[in-house]
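>
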Amino acid sequence: MAHRAFIRISVMSQAQLEVMLTAAQIEERIRQMGAQIDADYPNGLYLVGILKGACIFLSDLARSITRPVRIDFIGTSSYGKGKTTSGEVRLTKDLDTTIEGAEVLLVEDIVDTGVTLTYLIHVLEQRRPRSVRIATLLDKPERRLRPVEVAYVGFRIPDKFVVGYGLDYAEQYRNLKDICVLSP
Ligand code: IMP
76 MAHRAFIRIS
86 VMSQAQLEVM
96 LTAAQIEERI
106 RQMGAQIDAD
116 YPNGLYLVGI
126 LKGACIFLSD
136 LARSITRPVR
146 IDFIGTSSYG
156 KGKTTSGEVR
166 LTKDLDTTIE
176 GAEVLLVEDI
186 VDTGVTLTYL
196 IHVLEQRRPR
206 SVRIATLLDK
216 PERRLRPVEV
226 AYVGFRIPDK
236 FVVGYGLDYA
246 EQYRNLKDIC
256 VLSP
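Listed below in C-alpha cells is the structure:
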C-alpha cells in the first residue's frame, strides 16, 4: 500500500502540467457543438465513442444534444505507454449493435496523425450506415499523415502532447478537468 502511494506521488511530481484549455472553455465549446449537431441531425443520430479517450467528451457532448441519441463505443489499440504511434491500428472492442442505415457520428478525443480515424471510417463504412462523420474535441493538424475529413472540431491546437478531460499519458491524467500540456 505504502509502495503504491509512493509511485503515484513520484510520477505526478516529475511531470509539469500547464493548462491549455480550461474546463469552462471546454464546456462552452461543447455547448456550441451540440447546437450545431442538433441543427444538422433533426432526426437524431448514433454516437460512437472511441475508447478510452473520448468517453468524457462523449458524455458531455451527448448531453448537449437535444435530438434522440443512441450511444455505443468502439476500441482501438492506442499509444500504450508512450507518446508516439506505432502506425498500426487494430480493433480491441467492436460495437455492440448494428449501424446499418444509421446516421453515425464518430466521437474522438484528438485527431493527431489521422491513422486511427482512417482505419475506423473504413471499418464502419463497410457496415452500410446512412452516413458516418467525425466529431473531435481536439485537432493537431500539423501532425497529420492521412487526410481525414472532420465535420466538427472543438479546438485546433499546436503540436504539443496534452492530457486531461479523457486524454492520458500512460493511463494517467484522464480525470483532469482542464486540458493541459504535459512536459517531461
Ligand atoms: P492518430 O491515429 O495519430 O490520429 O491518434 C489518435 C489517438 O492518439 C488519440 O485518440 C489519442 O488516444 C492519441 N493521442 C494523440 N495525440 C495525443 C495527445 O496529445 N495526448 C494524448 N493522446 C494523444
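The numbering used here applies: residue 76 is where the sequence shown begins, and numbers increase by one.
No residue lacks a Cβ here, since even glycine has one placed at the ideal position from N, Cα and C.
Since the structure is predicted, the reported quantities are computational estimates derived from the model, not experimental observations.
Would you mind working out which of T151, I232 and T191 sits nearest E217, comparing C-alpha positions?
Within the sequence shown, the letter at position 142 stands for residue 217. That would be I232, whose Cα lies nearest to the Cα of E217.
> Would you call the CB atoms of D253 and L133 closer than 8 Å?
In the sequence shown, the residue the question calls residue 253 occupies position 178. In the sequence shown, the residue the question calls residue 133 occupies position 58. No, the pair does not count as a contact, with Cβ atoms beyond the cut-off.
> Specify whether the region 94-110 and the region 242-250 touch according to this definition: at least 3 beta carbon pairs, one from each stretch, less than 8 Å apart.
The region 94-110 vs the region 242-250: no contact.
> Which value, in whole angstroms, describes the spacing of the CA atoms of G229 and R106?
Along the sequence shown, one-based indexing puts residue 229 at 154. Along the sequence shown, one-based indexing puts residue 106 at 31. When rounded, the distance between both Cα atoms is 10 Å.
> For the pair the region 122-132 and the region 167-183, tell me if three or more CB-CB distances fall below 8 Å.
As far as the Cβ criterion goes, the region 122-132 touches the region 167-183, which means the pair count is three or higher.
> Using the three-state DSSP reduction, which class does S196 fall into: helix, strand or coil?
The residue you call residue 196 lines up with position 121 of the sequence shown. Checking the sequence, you will find Ile at residue 196 rather than Ser. Three-state DSSP puts I196 in a helix.
> Looking at C255: is its Cβ nearer than 8 Å to the Cβ of E103?
Along the sequence shown, one-based indexing puts residue 255 at 180. Along the sequence shown, one-based indexing puts residue 103 at 28. Cβ atoms of C255 and E103: not closer than 8 Å.
> Alpha carbon to alpha carbon, how far is R205 from A114? Give it in angstroms, no decimals.
Taking the first residue of the sequence shown as position 1, residue 114 is located at position 39. Taking the first residue of the sequence shown as position 1, residue 205 is located at position 130. One C-alpha to the other measures close to 18 Å.
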